[in-house]
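In UniProt numbering, the protein residues as written are 1 to 91.
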């Protein structure tokens, strides 16, 4: 599903959205997905508006090795060995 969002240049764009439960009213709201690194979406006066995000993105890396890496049965299987290429026989 998509929902119309107004951008700072005054244009309307259809953005991906979802139905989200509003527990206060017991109804569902149509809400744009917060998956865009450049824009965040804010509801004002019943309409959705895009605002630029500030800051930078950081790549998160685990600080400890995953617990399942030490269990042999859960390890990824290595790629099967490839058969050597055959050369055509001279007749």
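Think of the CB as a built atom: it goes at the ideal place given N, C-alpha and C, for glycine as much as any other residue.
Sequence-distant residues of the same chain with beta carbon closer than 8 Å to residue i, five excluded per side
| i | result |
| --- | --- |
| residue 69 | 75 |
Residue i versus the options, residue with shortest Cα-Cα distance
| i | options | result |
| --- | --- | --- |
| residue 3 | 47, 60, 10 and 23 | 47 |
| residue 165 | 43, 37, 11 and 26 | Beyond the ends of the chain as shown, which are 1 and 91, falls residue 165; an answer cannot be given. |
| residue 53 | 61, 60, 71 and 41 | 41 |
| residue 33 | 61, 63 and 43 | 43 |
Cβ shell of residue i (< 6 Å), same chain only, five flanking positions each side left out
| i | result |
| --- | --- |
| residue 29 | 20 and 22 |
Coarse secondary structure for residue i, derived from DSSP in three states
| i | result |
| --- | --- |
| residue 74 | helix |
| residue 53 | coil |
Buried versus exposed, by CB contacts within 10 Å (16 or more), residue i
| i | result |
| --- | --- |
| residue 15 | buried |
Close Cβ partners of residue i (< 7 Å) along its chain, the five nearest in sequence each way excluded
| i | result |
| --- | --- |
| residue 31 | 17, 18 and 20 |
Residue i - containing beta strand (DSSP E), residue span
| i | result |
| --- | --- |
| residue 66 | Element bounds for residue 66: n/a, residue is neither H nor E. |
| residue 13 | 12-22 |
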